[in-house]
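Written out below as structure tokens is the structure these notes cover.
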Amino acid sequence: MTKTKEELLAILDQFELNEPVVSAEPFGNGHINDTLKVTNHKGEICYVLQRINHHIFTNVEMLQNNINTVTSHIRKKLEAAGETDIDRKVLTFLPTRDGKPYYFDGENYWRVCLFIPNNKSYEAITPELAYEAGKAFGDFQSMLADIPEGTLGETIPDFHNMEFRLKQFHDAVAADAAGRVAEVQDLIDEVEKRAEAMTIQERLHREGKLQKRVNHCDTKVNNMLFDADTDKVLCVIDLDTVMPGYVLSDIGDFIRTGANTGAEDDENTDNVEVNLDIFEAYTRGYMEKAKTFLTPLEISLLPYGGRLLTYMQTVRFLTDYINGDTYYKIHGPKHNLVRTRAQFKLLQSLEANQEKMDAFMQTWL
Ligand code: ADP
Ligand code: GN1
Ligand code: MG
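Last residue of the sequence shown? That's 367 in this note's numbering, and every number before it is there in order.
Structure (structure tokens):
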């Protein structure tokens, strides 16, 4: 982030803020947008300011419309259910002084939302928290299930389409723009070996057996805020990719992040394994909320979702490494390669535990 404090305050001044603010500093560790925490005179964090990565989210208008649709839909559901403390349970974005949902400064797109006070977010969790998270993502999907088809746009077209991700991967390998293909041939071979098995969803969809639903599509464990006092889930955040997709996305990305004993970019792949207690706890919570709307096919495929999203992330990090690091923020020249190897190790662990995970899922059918 190259903006000065004064420039950031001038950007904030474009929004209808409820109170004066004094500073904006980097926050969180997302790979795409830039997130800043904004403080008031008392030193309290009151807003979150984000610079939207418009090279990736090319239609910012659609993006912010989607987010407004989703947040107002959830707000209505919470109100109808008699919930209190609603400003901590759903994100609230503030309009600009001229009534727009984002501000364009001629170069960058910015948005502001209320900071949710007294929250905790986790990079690694326990089975108890995973159970709470499972219920919360199940609730999230079920609250959004009645948004009419066609209302939400695809903010990134084909975002979780595995056939499309493999096409991007093949294009990257063919172009070899950064001259890195030879270095990663072992990983390329591993990706190819699994390509057929990992594109089941697209085939089932074409055969009319698997429908699309509104999904979050980025259910990393740190995209959920917990109440600092009670450790109950407060709010699902990071709504940029909420869009129609396959239901496996949201269980898959949580298994990929929450049920990993290591880090997404662990240098030591010995640390990386699937934690089956967390998988089971998350799945129990999720199924309690989602069982009513899932089909038996979707239920039986849920563990496959963990493998699929981990495979997809392996392919995406590897593609970016081969392309010369053009998509994800990196913190070192080999970061995308380290990420790829760590994700691939997790995939192997998920494969080794496939029978146990499938057997657990059978108990829900
Ligand atoms: P990114 O796309 O960069 O991951 P997020 O929207 O997930 O962006 O925000 C990054 C981090 O900032 C989150 O993991 C969370 O800890 C914190 N955060 C984001 N929005 C809020 C909010 N409204 N209230 C409190 N914390 C927030
Ligand atoms: C990105 O923005 P962030 O860090 O929550 C990415 C996800 C990946 C994730 C991998 C728009 O998410 O799809 O799964 O990194 N978001 C986008 O950590 O590509
Ligand atoms: Mg995030």
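From the three backbone atoms N, C-alpha and C, an ideal C-beta is built for every residue, glycine too.
Owing to the predicted nature of the structure, the values given are computational and were not obtained by experimental measurement.
- Whole-angstrom distance between residue 181 and residue 101, CA atom to CA atom: 48 Å
- Query: Using a Cβ-Cβ cut-off of 8 Å (strictly less than) and excluding sequence neighbours within five positions of residue 183, which residues of its own chain qualify?
  - Reply: 175, 190 and 324
- Residues near residue 249 in its chain [Cβ-Cβ closer than 6 Å; skip 5 each side]: 215 and 300
- Would you report the Cα separation of residue 129 and residue 308, rounded to the nearest angstrom? 16 Å
- Item | Straight-line Cα distance separating residue 263 from residue 252 | 19 Å
- Message: Going residue by residue through the region 268-306, where are the continuous alpha helix (DSSP H) segments of at least 4 residues, counting only ones entirely within it?
- Response: 278-292
- Is the region 313-329 touching the region 145-161 in the sense that three or more CB pairs, one from each, lie closer than 8 Å? no
- Exposure of residue 367, with buried meaning 16 or more beta-carbon neighbours within 10 Å: exposed
- Item | Closer than 7 Å: residues whose CB approaches a heavy atom of ligand 3 | 30, 32, 220, 222, 224, 225, 239 and 240
- Under 7 Å between C-beta atoms of residue 51 and residue 92: no
- Message: Taking its Cβ as the centre, do 16 or more other Cβ atoms sit within 10 Å of residue 208, making it buried, or is it exposed?
- Response: exposed
- Message: Tell me which residue opens and which closes the alpha helix (DSSP H) that residue 142 is part of.
- Response: 129-146
- Which term fits residue 43, buried or exposed, when burial requires 16 or more other beta carbons within 10 angstroms of its beta carbon? exposed
- Beta bridge counterpart(s) of residue 350 as assigned by DSSP: Partner(s): none; residue 350 has no beta bridge.
- Message: Please report the straight-line C-alpha distance between residue 103 and residue 227, rounded to a whole angstrom.
- Response: 23 Å
- Excluding the 5 residues preceding and the 5 following residue 7 in the sequence, name in chain order all residues of the same chain whose CB lies nearer than 8 Å to its CB. 25 and 26
- Query: For residue 351, does the count of other Cβ atoms within 10 angstroms reach 16, so buried, or fall short, so exposed?
  - Reply: buried
- Looking only at DSSP bridge pairs, what is residue 17 linked to? 98
- Got a sec? Which residues, its chain only, sit under 8 Å from residue 127 by beta carbon, not counting five neighbours each side? 135, 223, 260 and 280
- Message: Quick check: the Cα distance between residue 346 and residue 187, rounded to an integer number of angstroms?
- Response: 14 Å
- Check whether the Cβ atoms of residue 138 and residue 244 lie closer than 7 Å to each other. no
- Item | For residue 170, the three-state DSSP class (helix, strand or coil) | helix
- N-terminal and C-terminal residue of the beta strand (DSSP E) that residue 254 is part of: Premise fails: residue 254 lies in the alpha helix (DSSP H), 250-260, not in any beta strand (DSSP E).
- Item | Residue closest to residue 96, alpha-carbon to alpha-carbon, out of 74, 80 and 87 | 74
- Query: Quick one, are the C-beta atoms of residue 79 and residue 145 less than 7 Å apart?
  - Reply: yes
- The beta strand (DSSP E) enclosing residue 226, as first and last residue numbers: 226-229
- How about residue 253: is its Cβ closer than 6 Å to a heavy atom in ligand 2? no
- So, helix, strand or coil for residue 74, using DSSP? helix
- Query: Helix, strand or coil: which one does DSSP assign to residue 107?
  - Reply: coil
- Item | Residue burial classification, residue 287 (beta-carbon count within 10 angstroms, cutoff 16) | buried
- Report all residues from its chain with a CB closer than 8 Å to the CB of residue 58; omit the five preceding and five following residues, and keep chain order. 34, 158 and 329
- Query: So, helix, strand or coil for residue 331, using DSSP?
  - Reply: coil
- Message: Let's test the definition: count the other Cβ atoms within 10 Å of the Cβ of residue 333 and tell me whether it reaches 16, buried, or not, exposed.
- Response: exposed
- Query: What residue range is occupied by the uninterrupted beta strand (DSSP E) comprising residue 216?
  - Reply: 215-217
- Should residue 111 and residue 172 be called a contact, given that it needs their Cβ atoms to be closer than 7 Å? no
- Which two residues bound the contiguous beta strand (DSSP E) that contains residue 235? 235-238
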